[in-house]
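Student: Going by the UniProt record's numbering, the final residue of the sequence shown carries number 183, and the count climbs one at a time with no gaps. Sending over a structure as structure tokens; questions will come in a sec.
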Amino acid sequence: MCFNGSVSLIRKLLPPRAGEPCLLVLGLDNAGKSSLTGSLADKLGDGNVTASMEVTEVRLKIKSTKLQMFDLNGRLKNRQLWANYYKNVRGLIFVIDSKDAARLSEARCVLCDVLLDERLRNVPLLIVANKQDALGAMSSRLMVDLMGLSRLEGREWIILECSVTTGSGIQGIIGWISKNIRK
Numbered sequence: 001m002c003f004n005g006s007v008s009l010i011r012k013l014l015p016p017r018a019g020e021p022c023l024l025v026l027g028l029d030n031a032g033k034s035s036l037t038g039s040l041a042d043k044l045g046d047g048n049v050t051a052s053m054e055v056t057e058v059r060l061k062i063k064s065t066k067l068q069m070f071d072l073n074g075r076l077k078n079r080q081l082w083a084n085y086y087k088n089v090r091g092l093i094f095v096i097d098s099k100d101a102a103r104l105s106e107a108r109c110v111l112c113d114v115l116l117d118e119r120l121r122n123v124p125l126l127i128v129a130n131k132q133d134a135l136g137a138m139s140s141r142l143m144v145d146l147m148g149l150s151r152l153e154g155r156e157w158i159i160l161e162c163s164v165t166t167g168s169g170i171q172g173i174i175g176w177i178s179k180n181i182r183k
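Written out as structure tokens, the structure reads:
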């Protein structure tokens, strides 16, 4: 009813809980963010998943560290809400569809906009080159070249190849989260 819609709207506008470390999963729509979030929730989640059309929140536990992970909808109309979640971010995961060369420049522009926010200046960045199992998928090396990632200065970043559907590369992503979230 109306009440549920109001709660959903308020939840979109409110930032994450203060003081808790936060991990953001961003990228264009259809890049595989929700699939990656689901896979990480299965492996690291505490069973507490809250989902809406705009945001999926998952509570994770890595060793003794608890954190919130937010998968934010990548549709153009929802990207303006992303900045509401930049507080307390300890890690940023940007998911790219490796087989969608037509949208690579859009992904580059969106990533640049995100990285320009001062609150994310020292936040480590993981770029996930997803859908590596698909015919015609670009290699991570090609994606680095086409997106100009080698020009990223003053920021810790890495790109990892992944196929969420086959599970390939998920352990590398978990290792990155484990290493970077405790910094």
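In this text, a Cβ means the ideal position worked out from N, Cα and C, and glycines have one as well. What you are looking at is a predicted structure, and each value in this text was computed from that prediction instead of being measured.
At 4 residues or longer, and completely inside the stretch 88–129: list those alpha helix (DSSP H) runs for me, N to C.
Tutor: Correct list: 104–115.
Student: For M69, name the three-state secondary structure that DSSP assigns.
Tutor: To locate residue 69, count along the sequence shown from 1; it is residue 69. Looking at M69 - three-state DSSP - the assignment turns out to be strand.
Student: Can you tell me the Cα-Cα spacing of L135 and K99, whole angstroms?
Tutor: If you number the sequence shown from 1, residue 135 lands on position 135. If you number the sequence shown from 1, residue 99 lands on position 99. Looking at the two C-alpha atoms, the distance is approximately 7 angstroms.
Student: Can you tell me which of the three DSSP states K131 falls into?
Tutor: Taking the first residue of the sequence shown as 1, we reach residue 131 at position 131. Looking at K131 - three-state DSSP - the assignment turns out to be coil, as it is neither helix nor strand.
Student: Going by the CB atoms, is the gap between F94 and L111 shorter than 8 angstroms?
Tutor: As a working mapping, residue 111 is identified with position 111 in the sequence shown. As a working mapping, residue 94 is identified with position 94 in the sequence shown. Result yes, Cβ atoms of L111 and F94 sit closer than 8 angstroms.
Student: What would DSSP say about T56, mapped onto helix, strand or coil?
Tutor: Here residue 56 corresponds to residue number 56 of the sequence shown, with the count starting at 1. In this structure, T56 counts as strand in the three-state DSSP scheme.
Student: With a threshold of 6 angstroms on Cβ separation, who are the neighbours of E156 within its own chain once the five nearest residues in sequence on each side are excluded?
Tutor: Taking the sequence shown and counting its residues from 1, one reaches residue 156 at position 156. Closer than 6 angstroms at the Cβ level, and outside the excluded window around E156, lie P124.
Student: Of all the options K66, S34 and G91, which has the alpha carbon lying nearest to the alpha carbon of R75?
Tutor: Translated into the one-based positions of the sequence shown, residue 75 becomes position 75. Of the candidates K66, S34 and G91, the one whose C-alpha sits nearest the C-alpha of R75 is S34.
Student: DSSP state of G169, grouped into three classes?
Tutor: As a working mapping, residue 169 is identified with position 169 in the sequence shown. In this structure, G169 counts as coil in the three-state DSSP scheme.
Student: Decide if Q171 is buried, meaning its Cβ has at least 16 other Cβ atoms within 10 Å, or exposed.
Tutor: To locate residue 171, count along the sequence shown from 1; it is residue 171. By the 10 Å Cβ count, Q171 comes out exposed.
Student: Grouping DSSP H, G and I as helix and E and B as strand, with all else coil, what is residue 233?
Tutor: Only positions 1 to 183 of the chain appear in this structure, which leaves residue 233 out of reach.
Student: Specify the secondary structure class of L142 as computed by DSSP and reduced to three states.
Tutor: For this step, residue 142 is matched to residue 142 along the sequence shown. Helix, per DSSP.
Student: Return the CA-CA distance between A31 and S64, expressed in angstroms with no decimal places.
Tutor: Here residue 31 is taken as the residue at index 31 of the sequence shown, counted from 1. Here residue 64 is taken as the residue at index 64 of the sequence shown, counted from 1. Those two C-alpha atoms are separated by around 30 angstroms.
Student: Taking 7 angstroms as the line, does the beta carbon of L111 fall inside it for any heavy atom of the ligand GDP?
Tutor: With respect to the ligand GDP, the structure shown offers nothing to examine, as it has no ligands at all.
Student: Buried or exposed for M147, please, with buried defined as at least 16 other CB atoms from any protein chain shown within 10 angstroms of its CB.
Tutor: The count along the sequence shown starts at 1 and reaches residue 147 at position 147. M147 should be labelled buried.
Student: So, helix, strand or coil for K33, using DSSP?
Tutor: The residue labelled residue 33 in the question sits at position 33 within the sequence shown. Here K33 sits in helix by DSSP.
Student: Going by DSSP in three states, S8 sits in which element: helix, strand or coil?
Tutor: The count along the sequence shown starts at 1 and reaches residue 8 at position 8. Residue placement at S8 is poorly supported in this model, since its pLDDT is 45, which falls under 50; the coordinates are not used for a value here.
Student: So, is T37 buried or exposed, given that buried needs 16 or more other C-beta atoms within 10 angstroms?
Tutor: One-based indexing of the sequence shown puts residue 37 at position 37. The residue is buried, with at least 16 neighbouring Cβ atoms inside 10 Å.
Student: Quick one: using the 10 Å Cβ neighbour count with 16 as the cut-off for buried, is T166 buried or exposed?
Tutor: The residue given as residue 166 occupies position 166 in the sequence shown. With fewer than 16 other Cβ atoms within 10 Å, it is exposed.
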